[in-house]
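Asker:
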Amino acid sequence: MQINDKVFVITGGASGLGAACARMIAEQGGRPVIADLQHEAGKALAAELGGKFVRCDVTSEGDGKNVMQHAAAWGQLCGLINCAGIAPAAKVVGKDGIHSLQLFQQVINVNLVGTFNMSRLAAAAMADNPVNDEGERGIIILTASVAAFEGQLGQAAYASSKAGVVGLTLPMARDLARNGIRVMTIAPGIFETPMLLGMPPEVQKALGDMVPFPQRPGRSAEFAHLAKAIIENAMLNGETIRLDGAIRMQPK
Ligand SMILES: CCCCCCCCCCCCCC(=O)CC(=O)SCCNC(=O)CCNC(=O)[C@H](O)C(C)(C)COP(=O)(O)OP(=O)(O)OC[C@H]1O[C@@H](n2cnc3c(N)ncnc32)[C@H](O)[C@@H]1OP(=O)(O)O
Ligand SMILES: NC(=O)C1=CN([C@@H]2O[C@H](COP(=O)(O)OP(=O)(O)OC[C@H]3O[C@@H](n4cnc5c(N)ncnc54)[C@H](O)[C@@H]3O)[C@@H](O)[C@H]2O)C=CC1
1 MQINDKVFVI TGGASGLGAA CARMIAEQGG RPVIADLQHE AGKALAAELG
51 GKFVRCDVTS EGDGKNVMQH AAAWGQLCGL INCAGIAPAA KVVGKDGIHS
101 LQLFQQVINV NLVGTFNMSR LAAAAMADNP VNDEGERGII ILTASVAAFE
151 GQLGQAAYAS SKAGVVGLTL PMARDLARNG IRVMTIAPGI FETPMLLGMP
201 PEVQKALGDM VPFPQRPGRS AEFAHLAKAI IENAMLNGET IRLDGAIRMQ
251 PK
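Mapping to UniProt numbering: the sequence shown position 32 is 32, numbers consecutive.
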């Protein structure tokens, strides 16, 4: 799929990995539409990149439809990159007592249901595109996490939400093959973003030290680099790619 002059929606695009993807799309001559809750950061980045910002809660059908309408009004929507996500931590039974059911539902709702909501709406919008020389109409990238495979202590909600994203990848790719839309997932390891930097320094160091090589957190531009490769390689479909420096997370 070509990026130049095409519209790409990036959820969670106001920060971290999503912001890096919005920047990559702009650098490649594409038209990034940043869909995020963070109004100020989103508008500022959109202004810097010559993109657009649409305030959006990915769990909202109305917000998602509004994003796709803005995208379609700007040009040909050819891609969606789902980066919106939250990562609260709580043990099933911890010093503060039993894991909140509401918290579990919120994490699943944002990370899994929100990803599905935006993906189905983008797929419907892209299904009307003319095909390119590969027969493609669009590309959808989901963001999981290594926690989908090695969730740590306190990650019951987060890890299961990300395992759900991994599980969504192949059936959605199978469903959308007839529409010429590919679906791929990136499972990042430890990446230097506000989400990670919000953790205590000792936790950040412990995680960074777990990475065999390179022994450091990933950079957001490295995530965007893989997203670009996925967009441009028509043979990548229905799979989850770990981007993690060979980390295999320990219990804590
Ligand atoms: C303090 C850290 C804050 C973390 C904030 C979360 C931000 C997450 C951002 C992650 C970005 C996403 C990146 C990604 O996708 C890739 C990754 O996943 S990177 C890995 C990220 N890892 C985590 O997020 C780990 C999350 N888990 C935790 O932070 C901790 O497990 C948690 C804060 C949930 C609980 O910590 P803990 O200190 O162990 O508190 P506890 O409540 O479990 O226990 C403390 C202490 O209390 C006693 N106790 C506990 N349970 C009981 C019990 N049932 N009965 C009696 N006593 C109990 C006991 O003395 C405990 O001490 P221990 O040493 O554990 O015995
Ligand atoms: N930073 C890391 O180490 C890793 C991050 N990830 C995942 O990558 C994705 C991006 O994470 P980061 O860039 O690190 O985090 P971040 O916190 O920097 O960015 C997440 C963005 O999502 C937005 N968001 C949250 N809930 C939303 C909602 N309901 N609707 C719309 N936007 C919403 C936030 O406003 C924020 O701008 C997340 O899905 C996260 O779980 C996965 C593995 C590692």
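All C-beta atoms in this analysis are idealised placements derived from N, C-alpha and C, irrespective of residue type, glycine included. Here the structure is a predicted model, which is why all the values come from computation and not from measurement.
Let me know if residue 9 comes out buried or exposed under the rule of 16 or more other beta-carbons within 10 Å of its beta-carbon.
Answerer: Within the sequence shown, the letter at position 9 stands for residue 9. The residue is buried, with at least 16 neighbouring Cβ atoms inside 10 Å.
Asker: Tell me where the alpha helix (DSSP H) around residue 203 begins and ends.
Answerer: Residue mapping note: residue 203 aligns to position 203 of the sequence shown, counting from 1. Note, residue 203: alpha helix (DSSP H), 201-209.
Asker: What whole-angstrom Cβ distance do residue 32 and residue 152 have, given they're in contact under 8 Å?
Answerer: Reading the sequence shown from its first residue, position 32 is the one you call residue 32. Reading the sequence shown from its first residue, position 152 is the one you call residue 152. In fact, because the Cβ distance is near 32 Å, the residues do not count as touching under 8 Å.
Asker: Measuring CB atoms only, is the stretch 178-192 touching the stretch 132-149, in the sense that at least three cross pairs come out at less than 8 Å?
Answerer: Segments in contact, yes.
Asker: Under three-state DSSP, which class holds residue 228?
Answerer: Taking the first residue of the sequence shown as position 1, residue 228 is located at position 228. If DSSP states are grouped into helix, strand and coil, residue 228 belongs with the helices.
Asker: Contact between the stretch 96-115 and the stretch 158-166 is defined here as three or more beta-carbon pairs at a separation below 8 Å; is this criterion met?
Answerer: Verdict: yes, contact present.
Asker: Where do the N-terminal and C-terminal ends of the alpha helix (DSSP H) with residue 149 fall, by residue?
Answerer: Locating residue 149 in the sequence shown gives position 149, where the first residue counts as 1. Element bounds for residue 149: 147-150.
Asker: Would you check if the distance between the CB atom of residue 84 and the CB atom of residue 103 is smaller than 8 Å?
Answerer: In the sequence shown, counting from the first residue as 1, residue 84 sits at position 84. In the sequence shown, counting from the first residue as 1, residue 103 sits at position 103. Not in contact: residue 84 and residue 103 (Cβ atoms no closer than 8 Å).
Asker: Compute the Euclidean distance between the alpha carbons of residue 65 and residue 121, then round it to the nearest angstrom.
Answerer: On the sequence shown, residue 65 is found 65 positions in, with the first residue counted as 1. On the sequence shown, residue 121 is found 121 positions in, with the first residue counted as 1. Distance between the alpha carbons of residue 65 and residue 121 is about 7 Å.
Asker: Assess contact between the stretch 23-30 and the stretch 49-58, defined as three or more Cβ pairs (one per stretch) separated by less than 8 Å. Is contact present?
Answerer: They touch, by the three-pair rule.
Asker: Hey, does residue 218 have any beta-carbon neighbour from chain C nearer than 8 Å?
Answerer: Going by chain labels, chain C is absent from the structure shown, which holds only one protein chain.
Asker: Going by DSSP, what residues sit across from residue 35 in a beta bridge?
Answerer: Taking the first residue of the sequence shown as 1, we reach residue 35 at position 35. The partner list for residue 35 (beta bridge, DSSP) reads 11, 54.
Asker: Can you find a heavy atom of ligand 2 that lies under 7 Å from the Cβ of residue 15?
Answerer: One-based indexing of the sequence shown puts residue 15 at position 15. Indeed, a heavy atom of ligand 2 lies less than 7 Å from the Cβ.
Asker: From which residue to which residue does the beta strand (DSSP E) around residue 78 run?
Answerer: Here residue 78 refers to the residue found at position 78 when the sequence shown is read from its first residue. Residues 77-82.
Asker: Can you check DSSP and say which residues form a bridge with residue 182?
Answerer: Stepping through the sequence shown from its first residue, residue 182 is reached at position 182. 139.
Asker: Can residue 77 and residue 125 be called in contact, C-beta distance under 8 Å?
Answerer: On the sequence shown, position 77 is the one that residue 77 refers to. On the sequence shown, position 125 is the one that residue 125 refers to. The answer is yes: Cβ separation under 8 Å.
Asker: Going by other Cβ atoms of all chains shown within 10 Å of its Cβ, with 16 needed for buried, is residue 95 buried or exposed?
Answerer: The sequence position of residue 95 within the sequence shown is 95, counting from 1. Looking at its Cβ environment, which holds fewer than 16 other Cβ atoms inside 10 Å, residue 95 is exposed.
Asker: Going by beta carbon distance, what residues of the same chain come within less than 8 Å of residue 199, once the five residues before and after it are set aside?
Answerer: In the sequence shown, the residue the question calls residue 199 occupies position 199. Contacts found: 207.
Asker: Whose C-beta lies closer than 6 Å to the C-beta of residue 172 among residues of the same chain, with five residues either side of it excluded?
Answerer: Within the sequence shown, the letter at position 172 stands for residue 172. These residues qualify, in order along the chain: 183.
Asker: If we call anything under 8 Å between Cβ atoms a contact, is residue 56 one with residue 35?
Answerer: Position 56 of the sequence shown, counting from 1, holds the residue named residue 56. Position 35 of the sequence shown, counting from 1, holds the residue named residue 35. Yes; because the gap between Cβ atoms is below 8 Å, this pair is in contact.
Asker: By how many angstroms is the C-alpha of residue 39 removed from the C-alpha of residue 127?
Answerer: Reading the sequence shown from its first residue, position 127 is the one you call residue 127. Reading the sequence shown from its first residue, position 39 is the one you call residue 39. Residue 127 and residue 39: Cα-Cα distance of roughly 29 Å.
Asker: Taking the alpha-carbon of residue 236 as reference, which of 138, 46, 47, 72 has the nearest alpha-carbon?
Answerer: Your numbering for residue 236 matches position 236 in the sequence shown. Nearest option by C-alpha distance: 138.
Asker: Are residue 180 and residue 238 closer than 8 Å when you measure CB to CB?
Answerer: For this step, residue 180 is matched to residue 180 along the sequence shown. For this step, residue 238 is matched to residue 238 along the sequence shown. Not closer than 8 Å, so no.
Asker: Hey, residue 227 and residue 3: beta-carbon distance below 8 Å or not?
Answerer: Looking up residue 227 in the sequence shown gives position 227. Looking up residue 3 in the sequence shown gives position 3. Taking 8 Å as the Cβ cut-off, residue 227 and residue 3 do not qualify as a contacting pair.
Asker: CB residue 41 to CB residue 108, shorter than 8 Å?
Answerer: Counting from one through the sequence shown, the residue named residue 41 turns up at place 41. Counting from one through the sequence shown, the residue named residue 108 turns up at place 108. Not closer than 8 Å, so no.
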